[in-house]
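Taking it in order: structure first as structure tokens, then the write-up.
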Amino acid sequence: MPAVITIILQFLGVIAKNPIVQKIAIFGFFFGLVSFTVDFFISKASGSLTNVSQILTLASYLGFLNALKVVFNFLITGFIARQILAFIRA
Numbered sequence: 029m030p031a032v033i034t035i036i037l038q039f040l041g042v043i044a045k046n047p048i049v050q051k052i053a054i055f056g057f058f059f060g061l062v063s064f065t066v067d068f069f070i071s072k073a074s075g076s077l078t079n080v081s082q083i084l085t086l087a088s089y090l091g092f093l094n095a096l097k098v099v100f101n102f103l104i105t106g107f108i109a110r111q112i113l114a115f116i117r118a
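To convert, take the position in the sequence shown, counting from 1, and add 28; that gives this note's numbering.
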């Protein structure tokens, strides 16, 4: 049994050295983190947004705010992942 665990860990070590796998892992982790944070703050602010104006209510209903949230998630996460990978390489 310990030999199987050792083989699996060695295989994961080889995979983790691949730069594409590193980018995917870092991007996925930070995308989840940023998505959770943005969803949390939007849920806190959404109650007051619907009472502000009809335009924000319509934008929320049509999904514009959700699309904007996804775009911001990709931009922020891409920037964070790029900075971390540049720091690791240097």
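We put the beta carbon where it would ideally sit given N, CA and C, even for glycine.
Counted within 10 angstroms of its Cβ, other Cβ atoms place residue i as buried (16 or more) or exposed
i: N101; result: buried
i: A44; result: exposed
i: A114; result: exposed
i: A73; result: exposed
i: A95; result: exposed
Span of the alpha helix (DSSP H), counted from its first residue to its last, around residue i
i: K97; result: 92 to 117
Rounded straight-line distance, which links the Cα of residue j to that of residue i
i: V32; j: F39; result: 11 Å
i: T65; j: G56; result: 14 Å
i: L86; j: F68; result: 21 Å
i: L37; j: N46; result: 15 Å
i: K97; j: P30; result: 45 Å
i: I48; j: Q82; result: 45 Å
i: T34; j: I112; result: 29 Å
i: A109; j: L93; result: 24 Å
i: V99; j: R117; result: 27 Å
As assigned by DSSP and simplified to three states, the class of residue i
i: K45; result: coil
Inter-stretch contact (C-beta, 8 Å, three-pair minimum) for the region 102 to 118 and the region 47 to 61:
yes
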